[in-house]
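Every letter in the sequence shown is one number past the one before it in the UniProt record's numbering, and letter 146, counting from 1, is 146.
Built from N, CA and C at the ideal position, the CB exists for glycine as well.
Take a look at the structure set out below.
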Amino acid sequence: MLGYITRRILAVIPVMIIVAIFVFLLLRLTPGDPAAIIAGDMATPDQLERIRTSLGLSDPLHEQFITWVGLLLQGELGTSLISSTPVTQMIGQRIWPTVNIAVLTILLSVLIAVPMGVLAAWRHRTWVDYAVMTFSVLGFSIPVFVIGYIFIKIFSIELRWFPVQGYVAPSEDFGKFLSRAILPCLTLATIYVALIARMTRASMLEVLGEDYIRTARAKGVKETVVLFRHALSNAAVPIMTIIGTGFALLIGGVVVTESVFNIPGIGRLTVDAILARDYPVIQGMILLTSGLYVLINLLIDLSYTFFDPRIRY
Numbered sequence: 001m002l003g004y005i006t007r008r009i010l011a012v013i014p015v016m017i018i019v020a021i022f023v024f025l026l027l028r029l030t031p032g033d034p035a036a037i038i039a040g041d042m043a044t045p046d047q048l049e050r051i052r053t054s055l056g057l058s059d060p061l062h063e064q065f066i067t068w069v070g071l072l073l074q075g076e077l078g079t080s081l082i083s084s085t086p087v088t089q090m091i092g093q094r095i096w097p098t099v100n101i102a103v104l105t106i107l108l109s110v111l112i113a114v115p116m117g118v119l120a121a122w123r124h125r126t127w128v129d130y131a132v133m134t135f136s137v138l139g140f141s142i143p144v145f146v147i148g149y150i151f152i153k154i155f156s157i158e159l160r161w162f163p164v165q166g167y168v169a170p171s172e173d174f175g176k177f178l179s180r181a182i183l184p185c186l187t188l189a190t191i192y193v194a195l196i197a198r199m200t201r202a203s204m205l206e207v208l209g210e211d212y213i214r215t216a217r218a219k220g221v222k223e224t225v226v227l228f229r230h231a232l233s234n235a236a237v238p239i240m241t242i243i244g245t246g247f248a249l250l251i252g253g254v255v256v257t258e259s260v261f262n263i264p265g266i267g268r269l270t271v272d273a274i275l276a277r278d279y280p281v282i283q284g285m286i287l288l289t290s291g292l293y294v295l296i297n298l299l300i301d302l303s304y305t306f307f308d309p310r311i312r313y
């Protein structure tokens with residue numbers, strides 16, 4: 001088991017190195033000039049060149065990369081070209097709204113999707129199963145922004161149950177946080193409920209056909225105990241994998257939802273940085289989301305040591 005854990009941890013290093021090189025080159029080889037955005041439309045070529053020099057954009061690519069890597073090794077992500085604010089500070093100010101929305105969305109998705117998937121597998125090929133699968137298809141098919149606007153129309157404008165937009169930190173007022181977070185969380189949860197429910201159903205269908213399930217039922221064990229203690233616990237590995245991946249996707253992919261509901265998270269920060277060609281901020285955001293993907297997948301891989309005896313021993 002120790003060898004497996006060591007190999008998985010060491011495999012993270014080359015992945016992050018490749019990501020860093022790719023992100024650095026991709027941003028600098030795409031069209032656009034931060035100096036032109038900073039200077040404005042009326043800037044002269046000399047003014048643009050002076051700005052590029054002051055920002056270090058005139059240096060050779062390898063020198064820019066070495067400087068950037070040096071900052072990374074010191075735990076820094078550089079300074080915004082537009083606001084002159086450290087990127088770590090900007091991310092620190094914006095990450096908690098996104099994390100709070102992501103955590104609440106995942107909790108909501110799991111509480112709804114896992115029972116749905118178990119029920120669909122238990123009532124396989126009945127109207128219940130078909131209803132769950134229909135919802136899953138619709139959840140994947142409808143764009144997030146459409147779902148968001150539908151929820152705003154129904155629950156904010158027509159019923160007036162929730163505010164249309166805005167964000168309040170839970171530390172300031174937890175009630176207001178919930179009232180403003182419930183619609184974006186429901187919007188995002190629609191997709192993840194569909195995803196987790198399908199995976200739960202598929203995993204449960206495999207497990208429910210095993211001999212030990214038939215034995216438990218033959219002994220007269222209650223059906224709820226068979227489903228949730230015996231079957232669900234043995235079907236947990238792929239479900240946990242999709243939940244962990246979903247959380248990483250939420251952290252890095254809530255751009256549309258944050259824009260629709262006016263949430264000041266890292267999704268909005270990423271959009272603003274892309275429009276302004278703010279290289280350090282874009283690089284920092286991509287590295288952050290990539291690091292989260294790698295970390296969560298590493299934790300999922302390590303969790304297999306507790307479920308798979310072939311790895312454990």
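| Item | Value |
| --- | --- |
| In whole angstroms, what separates the C-alpha of Arg201 from that of Met133? | 9 angstroms |
| In chain order, what residues of the same chain have a beta carbon less than 7 angstroms from the beta carbon of Ile243, not counting five sequence neighbours either side? | Ile106, Val110, Ile196 |
| Which class does Pro86 belong to by DSSP, given the choice of helix, strand or coil? | strand |
| Among all the DSSP beta bridges, which residues are the ones paired with Thr79? | Pro86 |
| Please confirm whether Leu208 and Ala236 have their CB atoms less than 8 angstroms apart. | no |
| Just to confirm the assignment, what range does the alpha helix (DSSP H) spanning Leu227 have? | Unbroken run through Leu227: none, as it is neither H nor E. |
| Exposed or buried, what is Ala11 when buried is set at 16 or more other beta-carbons lying within 10 Å of its beta-carbon? | exposed |
| For the region 199-225, list the alpha helix (DSSP H) runs that are entirely contained and at least 4 residues long, ordered along the chain. | 211-218 |
| Under the rule that 16 or more other beta-carbon atoms within 10 Å means buried, what is Leu138, buried or exposed? | exposed |
| Smallest Cα separation from Arg52: which of Ile147, Tyr279, Trp122, Met240? | Tyr279 |
| Quick check: the Cα distance between Gly265 and Arg217, rounded to an integer number of angstroms? | 49 angstroms |
| What does the alpha-carbon distance come out to for the pair Ser171 and Leu205? | 42 angstroms |
| Apply the 10 Å Cβ neighbour rule to Trp68 and answer buried if 16 or more other Cβ atoms are within range, or exposed otherwise. | buried |
| Output the boundary residues of the alpha helix (DSSP H) element that contains Val168. | Where Val168 is concerned, there is no enclosing alpha helix (DSSP H), given that its DSSP letter is neither H nor E. |
| Closest to Phe228 by CA distance: which of Thr126, Ser203, Gly92 is it? | Ser203 |
| Please state whether DSSP places Arg52 in a helix, a strand or coil. | helix |
| Cα-Cα, which of Glu158, Leu275, Gly148, Met116 is closest to residue 381? | With the chain represented from 1 up to 313, any question about residue 381 goes unanswered, as that position is not in the structure. |
| In this structure, how does DSSP classify Ile311 when only helix, strand and coil are distinguished? | Unreliable positioning characterises Ile311 in this predicted model, as indicated by a pLDDT of 49, which lies under 50. A coordinate reading is not provided. |
| How big is the Cα-Cα spacing for Glu223 and Ala121? | 13 angstroms |
| Taking the alpha-carbon of Tyr282 as reference, which of His62, Met16, Phe24 has the nearest alpha-carbon? | First, the residue type needs correcting, since residue 282 is Ile and not Tyr in the sequence shown. Ranking the options by Cα distance to Ile282, first place goes to Phe24. |
| What's the C-alpha gap between Arg125 and Ile147? | 28 angstroms |
| Distance check for Arg214 and Ile263, CA to CA, integer angstroms please. | 50 angstroms |
| Evaluate Glu258 with the Cβ neighbour count: other Cβ atoms within 10 Å of its Cβ, from every protein chain shown; 16 or more gives buried, anything less gives exposed. | buried |
| With distances taken between CB atoms, is the gap from Ala248 to Ile82 smaller than 8 angstroms? | no |
| Under 8 angstroms by Cβ, that's how I've got Ile112 and Val19 pegged, so tell me the actual separation to the nearest angstrom. | Going by Cβ atoms, the distance from Ile112 to Val19 rounds to 33 angstroms, so no, they are not a contact pair. |
| Helix, strand or coil for Gly265, going by three-state DSSP, please let me know. | coil |
| So, at 6 angstroms on beta carbons, what are the nonlocal neighbours of Thr245 in its own chain, with the 5 sequence-adjacent residues on each side left out? | none |
| Is Arg160 helix, strand or coil by DSSP? | coil |
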